[in-house]
Structures are given as structure tokens and as C-alpha cells.
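For reference, the structure is listed below as C-alpha cells.
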Amino acid sequence: MFKTALALAKLSLEKRKKNHIALNFIFTGNPGSGKTTVARLFASILHDSGMRKASTCVELTAQGAKDEGIDEFRKALKQAENGVLFLDEAPDLDPSGDFKGKPIVNELLTTSENKRDSISIILAGYEDEMHSKLFSFNEGLKSRFQQVQFEDYDEKELCAIFHKMVSDRGWECPEEAGIITAKRLAKQRSSKGFGNARAVRQVVERACQRAMSKGISDENLVLTLEDVIGENPLYNPKVAQVRQKFDSKIGWDSIKKSVQDLVELCGKNYQLELDGKPPYPVFLNRMFLGNPGTGKTTCAELYGELLKHLNFLSIGDVVKKVASDFIGDVVGASTKKTATILSSAKGKCLIIDEAYNLDNSLYGKQVLDVLVEKVQNSETDDLCVLLLGYEQPMLEMLRKQNPGLARRFPREHAFCFEDYGDRALLSILNGSASQSNVTIPSEVSERFLQALAMQRSMANFGNAGAVNTMLQTAIAKAVARDDLEYDESGKMVLAVADLGLPDADNEDPLAPLENLYRMEEVKKSLQNLRNAVLVAQREGTRIPEVGHFVFRGSPGTGKTTVARVMANILCKFGLIATDRLVETSGLDMTGQYVGQTKTKVTEMMNAARGSVLFIDEAYELGIGPFGQEAMTTLLAGMTDPTYKGTIFVVAGYPRDMDQMLDRNAGLKSRFTHFLDFPDWDGDDCIRFLRNVLEQESFVVKDLRVWQAAKSGFDELIAYRGWGNGRDVAKVWKEIKGFRSNRIVDLPPEEEPTIHLADVIGAIKQIVTDRKPPVGPSGRAFDPPANKNLPMQTQEQRKEDHKVEVKVEEVEEKQDVEQREEKQHDGRDPGVSDHDWAELEIAKKEHAERLERLKKERLDAELQEELKRQQKMQERLRQLMNCPAGFQWFQTGGGWRCGGGSHYVSNDVLEKHFMRDV
């Protein structure tokens, strides 16, 4: 540029104007790379070379220009005329997003073009922001400026800057201090925001502060190696203090080991730096995985303090956020909020609690993408991000989202917080009790631990939170007791009764099964299990695992009821955490599209953790691709330690259940108890009915009631679809309905009584609904019509002699039209209204007779009647076949087919065939 200025000076004024060069520039690069310094020097060079009349350099920031307004900016331009205007952080003008910046940019456009021979304008900032915020607003802006890129300083330059700054301050330091500092800082080169000389200055200032804190004199301004790069982490007393805080925490065994490994790694790196060798990488960002109450937040605070003393964080404080804090309400808002939070957390430890909730929305995905962009997991970031939450959903989020997220937060470097064991829970309990001024006797502590141990198998066990909740509940119950006691120090003494736990010693857990029928096998199996538990508790050995159950039986045999009772029994045995029963079916667990089935099954298993999962109609599992996916997911859950303490019960028809289990041998092997539920017989039904009557205070004075009920149940049992207990309950409901209809207009009974008529009516109603159709309908007895047999017309019947008539074949079209006409009411063409009405009456009387026979349950008479009618139909077909195949009905003095057009008199029947009928 200086040579260009000399060449221009030799030209005439006229030619100099024609060859004028615009001297507006854009300086891009990281902070501390010398942009402002170069701008000042540039103003002097322009003046010295004669290209500007003054060496003035007016310096502004974009934010300052916006704050002062366009009028003050024009004054600054006027002040910089014949010199240089330097506008730092120019992208902050943001003319598209900030109305204050737009007029300033417009003024820059005008001035840079119209006054390019009298003023030089220099804009400074990051290159990417120049393009996204300025050039995108007006492409003409880019053409008016020349770009100059300021590269980050390399190691040698950083080292030189370090020693110059130390020397300028009047200090001395070892040569290797500058080399190590330069190598550390050079790791940040090419990363946005690297401070270059400013970063060096910060290191020098911290070193001087450390040195001055130890006491110095004017004659002895010397920086030691430790002043510059810090103490060896293995011998740093502040690091040791933080480690002691970690070690004092209950549990956290794996966390303490990870902290020890981190400190030792930093110690190795410290020595490697002294030896001039590259250090090993250190991962600062981590996932904290575990259930609530395990101390994740407390650990995060200690972790931030540790990183500060290891010189990874400049501040070390903790910034606590949840997933919703990052989510905006419009497109783009989430990205801005995330960038703002990350910027404000610089030098600190940022906690994102329940981070997996970011996996549930588009805006959450945007947040994760920004994290991947901004967080590089480098020890030079001066930022630590911790993702806190449950392990499974967190790992699922890493698997589904941006692959870079898993690299930023590697699973192998996660801090895993295990649920507290009994000893840790006891320590927490004693500590909480001491703080609450409460004394807990040993027998009460033992029951506390038993209850907490059962809760541990449930989903989302609260650990320390569960201890505090149970303790506060016990204290509240103790205060309400009249016999509350205090120890010698005045502390409240808790009792076992304050825990609100069921007293299994005074109750028979199997008692509820006494009200169920045909439960001998079930009772025996559960009794065997109970005995094993009692013996193990008495001998102090390991309590046997419950295993999983297969219930095989028809509907209404008590499978669901037994499952509910069994949940209560197992809870009282102390084998599961809660007596809750989670009910579902094989069909409900099967999805309708890929991925839905696994989600459904997993949700049900999570809901049933620590309790009983009852899957009715389980034979639907394994049918089709989605059913197979459900079976595979269920099998994986049964072997997953996550669901330890969960009892799986599958139920269904015996044959269907066996076929389902045979389809997957692995699944079948997971079930250890196979219980069969037999169908009820008539005696079971009567026993159930007697119990219900007694419970509802009904009486039976007529013994025939029980006989009728027994007979009715025996009949119902013979029909397909017998529902066992469900049908008995349905019969009882009908009995009460018939009784209500009987006594509604009568005076109140002294004792609610069930009469014989109530039972007979109810049984008949159920039998009628359940019994398959018996009476012939239309063509029930008629075989396919044989068109070659002779038929007798109504006119020929009147002559009282038999005449054969040949039936002519008709075209298919006519036959179809005739059938369509008959579909309305079955009446043949040409049948008189009188004959049709008579036939309708006959049909009705026939149906009523069959119905009466059915309702009166005269089986023998009914069968005899059916045989007689079938024989008569055969005779009628032999005498005169109906071409349409209708059944014959008796009307007046003869028989008429169902269509109405064919008739046979009783005299003809008597004469030819019916004497033996």
C-alpha cells in the first residue's frame, strides 16, 4: 500500500483522481489478534503516504453506535473525515434484526461510496457473522470493502507475546513457562472466540496475582513455574480438599474412583508438559446417570469446584437448568436461548437436569444441535456441560439424536449413580433422624430398611428422598399417637407402628383365596413359596426368587382375581415392593406400526416395576410381526436387571397358552410356575350363589330353588361359551331382576326372599340367550330340492287324487327375478291374502310351540316332536316336493309350504303315508 501511495504521488492531479483507490476494509478474526492495533497503524500509514490528510482514527463499537443513535454516528463520521473510522464488532449492527442498526448501515453504505477519497472505514468482527448479519442485508456492502483476515497467533508468537508481557511488567520467569503457556493456548487456535494476546494477558495477570499473594519485593519480581501453570494436581491442597468432600459422601463408590482417575490423569499431563510432551485428552462434559436422590446435583457442584482448581474452569460455579429452560415458543427461539445460556455459563459448570426431555420435540432437537455446535468437550473451552437424568432415556436420546452428541458426552466417561444399598440408606436414615431430633430403635430401623429395600425394585426409587419421605411420614404419625415416648435427651422415639406397614405376622396372606373355588393347586403353590420364604428368613439365608407365572384356564375361573390376591400375598411376604397389579392384554401390548409395540411393552413393564404385571389373553403375543416384537421385548424385559423384583403373569386358554409358549422356547423357560384353573361344575356354582345370597342378606325358604338352580347351571355348563364365575354372577343379576319385577307392587318383605319363580325365570332367560337355535327355520329340515320329483298343484289337490306334474325348466334370468321378489317376505306369486294370512298364523303357532317346549325344558318331548316333524317333512317331500326347498307348515285341514304355493290335505297324507306318524 505504501508503494502504491508513492506511485500515485508521482502522477498529476488529474490522473491521480482517475486512479483513485477505495481504502475501506473489513478486518476479520478472533479477539486479540491485533485488529484495533493495525487500524491505528493503518491511519498513520495513510497519512504518512499522503493518501489521507490526517492520521485521525476514530474508534467505535457497533453497540455503542446503536446506543448513541444515528445523529451521533454522523458526527463521528465527520470527525473521522480525512482519516480512519474503526467500527469494532460490526456484525452487532444486525440491520435485519435491530431497527437501531439499520440507519447506521445505510449511512455506512452512502459514506463508503460518496466519500471514498476522503475517509477510510474499517469494520471488524467474526467472518461468519459478517456474512450472516451484514452482507446478507445488502450485498453492495461487501463490494465496497476489502477483506483482511487476521490469523490466530501460533505457538512461537504466543510464547513471544508472553515473555514480552512479563518483561513489560518488570517480572522474570523461566523459559519453559512461556513454552508451556503457548502450547496450552495454541490448542484453542482456529476456534471461535480464542483471545490470542488477550488470552496471554489473562495468564500473565493470574500468574502475577499468585506470585504477589506469596509476598514479593521490588527487587525480587520472579514468576515461578507453579505461578504460571499452577501446582501439580496430585499435590494441590485445594484439589485435595475437594477430593475429601467427595470421599465423605455416602455411596458414590464408582464416582469417587472416577474422580481419583481424573486427578491422576491431570497429574500425568502436568509431568508430560514439563517434559515437553503432548498431554492426554481430558473429557470435561459428562452425563450423570441415576435415579432421584442419589446426589447428582450435589456431585455436580463438587465437580465444578474440582475443575476450577484443576485450571479447567475460570469460575467454577454451577448454573442449574432444566430442559424447558432451553425451549422457545417460536421457530429459532430455542437456538437463541441455548446460545445465550451457554454464553452466560462461560467459566462455569452448566447442569441440564432431565436432559432427555429435549428428545421429545423439534425445538428440543434444535437445542441439542446447538450443544453439539458450541460444546467441543475440550479442556480449553472454559465450560463444562453436565446432562443429568435416568440412564435408559438418556442413552436412547444419544442413540436417536445428532451423532455428535454421543461424542460430546461419551457413555464410557459418564458418572453412574447407583441406588444406595442398605448400609448407605441406614447412614442416611440416622443422619436425617439426628437432624430431625428423632431416635430410631434398632427394630424400627430394621423395618425401615426392609420397606426401603422393597421400594428399591420400583421404578424411579427416590433413594435419599425416599428415606426422608418415609421418615417425615413416620414422625407425623408418631406425633398423633397418645403413647408417644421420648428418650433421656428429649428426642422423640419412633415405633414400628409409625411406619404404617402391614403386619404380616398377624394376618394370613392366603386367607383371601378361601373365597375362591377350585384353588387347591394355586394355594399349594403359594403355600410352598411362603414356606420357603419363612424358612429362609428364619435361617438367615437368601430368600428364593419368586419367578414368573403362567395361568391356564377358561374365562371366569378366577385368573385375574387370583393375580390381584397374589400381588397382595407376595407383598406381605416381602417379595415385591407393592401390592399393585398392572393389568393389560396381549392385544393391548401389540402395536400397529413399526416401533409402537416395543414402546407399549416397555411402558407397561415400567409401570409394573416392583409389582405384578398381569397379561391376559397373552396368546396374542407372537402372532404376526408385531406380536413377535412384543414377545421379544417381553423376554428382554424379563431378563433385564431393571425389572428385577417385577413378577410377570401371563394368562389365557390352556391350548392357546401352550401354543404361544411353544413358539418361543426362551420365553417359556423364563416361567417357573404353571397354574391350571379348572372350569366350575354345578356344585361350585351353587356354593358361589349361596355365599352371594348370604353376603347380600337374602334368604331361600323353598329348597326347590337350589334344585332348579343346580339343574339350570348344569344345562348352562353344557353350552359352548360357558363363563364359569362370570355366568354365575350374571345369573344372580337376572335373579334379582326377576324378583324386583315380582315384588314391585307388593308390600315390603320382612326378609328379602328368593322364590322359585325368580330362579326359573332367570335361568330360562340366560338359557334362551345362550342356547343355540333348535327349531327349524325356513329350510332347516329340507335337503336340496330335487326338481325331477313330481309335484301337486292346489287345483289338483281339490280333486282328491294324485296327479303328477312335470316342472318346466325356466331361464336363469327368470329364476333370479323370482328370487329377488321373494326376498321381501318369502311369499310366492299368486298366493291369496287369505291363504297367506292363514300360513302366517301357522308359522307363528309353530314357533310358539317350539319356544314353549324350550322354555319348559321338556327335552324328551321336544326331541320327540322334532323327530315327528322331520319324519313328516320327509313324507311330504316324497309326496310333493317344493321346488324352492321350503319347509312345510300345518294349516287348517292340510299342510302348506313356506312359500305358500304348494298344499297337501290331511286326507291325502292319511291315505298315502301318515297312518304310522
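Residue numbers for the sequence shown follow our numbering, beginning at 188 and rising by one. Backbone N, C-alpha and C define an ideal beta-carbon position, used for all residues, glycine too.
Near residue i, what residues of its chain come up, given a Cβ to Cβ distance below 6 Å and the 5 sequence neighbours on each side ignored?
i	result
ILE539	LYS508, LEU574
PHE813	THR777, GLY778, THR784
LYS915	The amino acid at residue 915 is misidentified as Lys; the sequence shows Val. Same-chain partners within the cutoff: CYS872, PHE875.
PHE349	GLY365, THR368, VAL387
ALA754	ASP766, LEU768, VAL799
ARG842	none
GLY910	PRO742, GLY743
VAL446	PHE433
LYS746	PHE738, GLY740, ALA838, PHE864
SER772	ASP803, GLU804
Candidates the options: which alpha carbon is nearest residue i's?
i	options	result
GLU560	GLU583, THR522, ASP440	THR522
LYS1030	LYS1058, THR777, GLN1056, PHE1076	PHE1076
GLU362	GLN336, LEU412, GLU326, ARG397	LEU412
LYS302	THR248, ASN269, GLY797, LEU372	ASN269
ILE922	ILE730, GLY899, ALA661	GLY899
LEU228	GLU259, PHE273, GLU326	PHE273
PHE835	ASP863, ASP870, ARG796	ARG796
ILE208	ARG331, ILE257, HIS318	ARG331
ASP1117	GLU1061, THR298, ASN928, LYS320	This structure gives no information on residue 1117, because the portion of the chain shown stretches from 188 to 1104.
PHE286	ILE257, ALA267, LYS524, ASN851	ILE257
LEU471	LEU497, ASP462, LEU461	LEU497
PHE861	VAL733, GLY551, LYS917	VAL733
GLY832	LEU713, ILE763, GLU1061	ILE763
GLY824	GLU807, TYR806, THR786, GLY811	THR786
MET352	LEU410, GLU326, SER378, VAL335	LEU410
GLY417	GLY782, PHE337, ARG371, GLN431	ARG371
GLY853	TRP867, ASP868, THR826, ASP866	THR826
GLY576	VAL517, ALA510, ARG595	ALA510
ARG1105	LYS951, GLN714, ILE437	What the structure shows of the chain is the stretch from 188 to 1104, and residue 1105 is not part of that stretch, so it cannot be assessed.
ASP866	ILE904, ARG643, GLU881, SER400	ILE904
ALA661	MET791, GLY649, SER377, VAL680	VAL680
VAL781	PHE760, GLY811, CYS758	GLY811
Excluding five sequence neighbours on each side, which residues of the same chain lie with their C-beta closer than 7 Å to the C-beta of residue i?
i	result
TYR906	ARG957, LYS958
GLY809	GLN815, MET818, MET847, ARG850, ASN851
So who's on the other strand from residue i, going by DSSP bridges?
i	result
ARG473	LEU573
HIS234	Bridge partners of HIS234: none, in fact.
ILE437	Per DSSP, none; premise fails for ILE437.
ILE213	LEU310, GLN334
SER1092	GLY1081
SER772	ASP803
Rounding to the nearest angstrom, what Cα-Cα distance links residue i and residue j in this structure?
i	j	result
THR748	GLN894	28 Å
GLY151	PRO290	Here the chain comprises residues numbered 188 to 1104, so residue 151 is not present and cannot be evaluated.
VAL469	PHE322	39 Å
PRO479	CYS453	31 Å
VAL837	ALA526	51 Å
TRP1082	ASN1093	7 Å
GLY839	ARG751	16 Å
LYS374	LEU500	16 Å
ARG717	SER629	26 Å
ASP803	ASP775	10 Å
GLY677	ASN624	8 Å
VAL992	HIS1089	Residue placement at VAL992 is flagged as unreliable, the pLDDT there being 33, under the threshold of 50; the coordinate-derived value follows with that caveat. The alpha-carbon atoms of VAL992 and HIS1089 are separated by roughly 12 Å.
LEU822	ILE442	32 Å
GLU183	ARG397	The chain is shown only over 188 to 1104; residue 183 falls outside these bounds and no answer can be derived.
ASN547	TRP919	51 Å
VAL1091	GLN1060	12 Å
LYS1058	GLU902	28 Å
With a CB to CB cut of under 8 Å and the five nearest residues on each side skipped, what residues in its chain are close to residue i?
i	result
MET657	PHE635, ALA638, LEU639, LEU686
ASP845	ARG739
ARG913	PRO742, GLY743
ARG929	HIS942, ALA944, ASP945
GLU995	Annotation note: pLDDT 36 at GLU995 (below 50); position unreliable, coordinate value reported separately. Once the five neighbours on either side are set aside, GLU995 has no close Cβ partner at all.
State yes or no: is the beta carbon of residue i nearer than 8 Å to at least one beta carbon in chain C?
i	result
ILE953	Of the protein chains in the structure, only one exists, and it is not chain C.
Segments assigned alpha helix (DSSP H), at least 4 residues, entirely inside the segment 593-631: Taking only runs of at least 4 residues, the alpha helix (DSSP H) segments lying wholly in the segment 593-631 are 609-622.
Of all the alpha helix (DSSP H) runs that stay within the bounds of the segment 650-701, which reach a length of 4 or more residues? Runs of alpha helix (DSSP H) with 4 or more residues, each lying fully within the segment 650-701, are found at 651-667, listed in chain order.
Whole beta strand (DSSP E) elements within the segment 805-848, 3-residue minimum: Taken in chain order, the complete beta strand (DSSP E) segments of 3 or more residues contained in the segment 805-848 are 834-839.
Taking only runs that begin and end inside the segment 499-549, name each unbroken alpha helix (DSSP H) of 4 or more residues, in chain order. The segment 499-549 contains, as complete alpha helix (DSSP H) runs of 4+ residues, the segments 520-531 (chain order).
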